[in-house]
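A.B. asks:
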Amino acid sequence: MKRTNRPLNIIYFNTSEKGASGGAKIIYGHSDLINKLNISNVTSEVLHIKKNKISKWTTSIKKKLKIKSNKHIGWDAKDITINENYSHEWFDHDVKVKKNFIFDKKKDFIIFPVKTKNGIIAGVWIWIEKKS
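Going by this note's numbering, the first residue of the sequence shown is number 1089, and it counts up by one from there.
1) Going by alpha carbons, who is nearest to I1127 out of K1150, I1190, G1117 and P1095?
2) Determine the DSSP secondary structure at S1132, reduced to helix, strand or coil.
3) Below 8 Å, how does it come out for the segment 1122–1137 and the segment 1148–1156: are there three or more Cβ pairs, yes or no?
4) Using the beta-carbon count (16 or more within 10 Å), is V1183 buried or exposed?
5) At which residues does the alpha helix (DSSP H) containing L1121 begin and terminate?
6) Nearest-angstrom Cα distance between K1186 and F1200?
7) Measuring only the C-alpha atoms, how far is H1181 from K1150?
8) Grouping DSSP H, G and I as helix and E and B as strand, with all else coil, what is T1092?
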């Protein structure tokens, strides 16, 4: 791997939950460590996402009426919004919170948490820049 001085911003997507889950604590720990290491041109942010109200209502109504769907389980992109008012006070940290869906293809590296069938949460990452 070739070393570069190009800026790198690692963005973790994290769901907004009432309490701190184990996965959220790990995400915060990683982001905090990246920022505290003060590596030249390397930063990290956490973007808190939640389901928008219409999607929550639709899911709730389907559950109440016992409407089954053959559709995949999870969230679609149209279901997601940013939780700008999310409070994260489980521990002292140096985590920067991202409050928009604007990404820079030259420096942003995005990590999505994914829950697998056996319950293990794994990271899925995307490098936004197109390779030529």
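Even glycine gets a Cβ: it sits at the ideal position worked out from N, Cα and C.
Given the structure is predicted, the values throughout are model-derived calculations rather than measurements.
C.D. replies: Looking at the atomic coordinates:
1) The residue given as residue 1127 occupies position 39 in the sequence shown. Between I1127 and the set K1150, I1190, G1117 and P1095, the nearest pair of CA atoms involves P1095.
2) Locating residue 1132 in the sequence shown gives position 44, counting from the first residue. The DSSP-derived three-state label of S1132 is strand.
3) Output reads no: the segment 1148–1156 does not touch the segment 1122–1137.
4) By 1-based counting over the sequence shown, the position of residue 1183 is 95. The residue in question, V1183, is buried, as its Cβ has 16 or more Cβ neighbours within 10 Å.
5) Here residue 1121 corresponds to residue number 33 of the sequence shown, with the count starting at 1. First-last of the alpha helix (DSSP H) with L1121: G1110 to K1124.
6) For the purposes of this step, residue 1186 is taken as the residue at position 98 of the sequence shown. For the purposes of this step, residue 1200 is taken as the residue at position 112 of the sequence shown. Rounded to the nearest whole angstrom, the C-alpha separation of K1186 and F1200 is 14 Å.
7) Locating residue 1181 in the sequence shown gives position 93, counting from the first residue. Locating residue 1150 in the sequence shown gives position 62, counting from the first residue. In this model, H1181 and K1150 are separated by some 39 Å (Cα to Cα).
8) Stepping through the sequence shown from its first residue, residue 1092 is reached at position 4. The answer is coil: DSSP assigns T1092 none of H, G, I, E or B.
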